[in-house]
Amino acid sequence: MSYGGRAIEESPTEDKSIINLLRSKKLDKVLILTELRKIVQRDKYNVAIVGVWSKGRLVEPREFKINPVVLLLPFIISIPPTLILHHLYFQMISGISAIISSNIFIFFYLKNKCIIPDYITIIKTNYNDFEFLRKNKERILADPEILGTEFEVYHFKPKNLCLVKDKAANAMAYESPMGRLIVVTTGLVAKLAPEELEAALRHEEGHIKYRHMYKLMAFLISEYILRVYLLNLVYTNISFYLIGIHLLGASLLYTSLVRLYEYEADKYAASPHLARALLKIDWNNMVDDVLHPIYSRLRFLVKTHPNTLDRVVRIWTLSEISPKR
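The numbering of the sequence shown is full-length UniProt numbering, which starts it at 1 and goes up by one.
Spelled out as C-alpha cells, the structure:
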C-alpha cells in the first residue's frame with residue numbers, strides 16, 4: 001500500500017500503559033474507556049472518500065451487508081434431513097450433501113455480491129461539505145487539491161480481495177472447493193488507517209492460511225455423522241427431546257470453534273495496528289462489554305466472535321512478546 005501524507009504515529013508507551021491498566025485488579029471502567037478512546041481518536045482526519053477502480057474505470061461496488069451468521073448456514077441446513085428422512089442411508093447422504101453444497105453456494109453467492117478491484121484510492125480529509133463530496137467524488141479522486149484543505153491520499157492494490165458497499169466496517173474470509181475470498185466493506189476501507197487496514201486483511205489471510213473454513217466443514221460433517229447414528233440408535237429409543245439438546249450443544253461447540261479460530265487469526269496478524277483496528281471497528285460493542293461485563297459474558301455464548309476487549313489485550317500482549325510488525 002502506498003500513500004501520501006503523514007504516517008500513523010506509534011505510541012507504544014501509551015499502549016503499554018493501557019495494557020497494564022487492563023491487567024490491574026482494580027478496574028475503573030470510566031478510565032479504561034477514556035484511555036481507549038484516545039487510541040480510537042488518534043487519527044487526524046474524520047472523512048474518507050473511497051474510489052474503486054476496475055478495468056481502468058471508476059466503479060461502484062454493490063450494496064451488501066456481511067453477516068458472520070452465514071457461517072452457521074451449513075449447520076442449519078443439515079438439520080432437516082435428520083428430522084424428515086427415516087432411513088439412515090438417505091439421512092447420511094442428503095445431510096452431508098447439504099453441508100457441502102451450502103458451502104459452495106455461499107461462496108458463489110458472496111462472489112456474485114462483490115467486485116474484485118484493480119486498485120482502491122482513499123482520500124482522508126476533514127472537509128465537511130458532504131453534498132459537495134458526494135457530487136464531485138470523481139473530480140476529487142482525480143485532483144484532491146480542489147478540496148482546498150489538508151488531506152491524505154493513499155492507493156491500495158489488493159490481492160484476493162472482493163469489495164462490497166456498506167458503511168459498516170467489516171471483513172470476512174471464506175473458502176470452498178471452488179476458491180477463496182476475502183470480502184471487505186467500503187466502510188472498513190474508509191474507517192481504518194493504512195497500517196490498520198493491512199493488519200485487518202492479514203487477520204483474514206490467517207483464516208485462509210490455517211484452513212479454518214475446511215476445519216469447520218470437517219467438524220460439521222463429523223458431527224452430522226455422529227448425530228445420525230445417535231438419532232437412529234439412541235435418541236428415538238429414549239426421548240425425542242434429546243435431539244434438541246444435542247443440536248443446542250453442537251451449535252454452541254461450533255460457535256466456540258469459530259471464536260477459537262478468530263484468536264488464531266489474531267495471533268497470526270498480531271500487531272498494535274490490529275488492536276487499534278479492532279477498537280475502531282467494534283467500539284460500540286466494546287463499550288457495552290466494559291460497562292456491562294455480566295451481560296457481555298452471557299452474550300458471548302452465542303456470538304461467533306470473541307469479546308473485543310479480550311482480543312485487544314491478547315494482541316497487545318503478543319505484540320510485546322514478538323514485536324515483529
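Positions of the beta carbon are idealized from the N, C-alpha and C atoms, including for glycine.
- In the assembly as shown, M286 is a buried residue. Its beta-carbon has 16 or more other beta-carbons within 10 Å.
- Shown here for S319: same chain residues with a beta carbon closer than 6 Å to its own, the five before and five after excluded, namely A270, S271 and P272 in chain order.
- Taken through DSSP and simplified to helix, strand or coil, E60 comes out as coil.
- Three or more beta-carbon pairs separated by less than 8 Å link the segment 303-315 to the segment 278-285, which places the two stretches in contact.
- Just so you know, the alpha carbons of K167 and L188 end up roughly 8 Å apart.
- Taking the CA atoms as reference points, N103 sits about 13 Å from V69.
- One Cα belongs to P117, the other to R276, and the distance between them is close to 26 Å.
- With contacts defined as CB atoms closer than 8 Å, V47 and N128 qualify as a contacting pair.
- Three or more Cβ pairs closer than 8 Å define a contact, and the segment 252-269 meets that threshold against the segment 212-230.
- For the pair L220 and F107, the CB atoms are not nearer than the 8 Å cut-off.
- Under the DSSP assignment, I122 falls outside any alpha helix (DSSP H), being part of the beta strand (DSSP E) whose first and last residues are Y119 to T125.
- Secondary structure of Y154 (DSSP, three-state): strand.
- Taking C-beta atoms under 8 Å as the contact rule, I39 and L291 fail to qualify, at a distance of about 18 Å.
- L31 and Y268 have their C-alpha atoms some 30 Å from each other.
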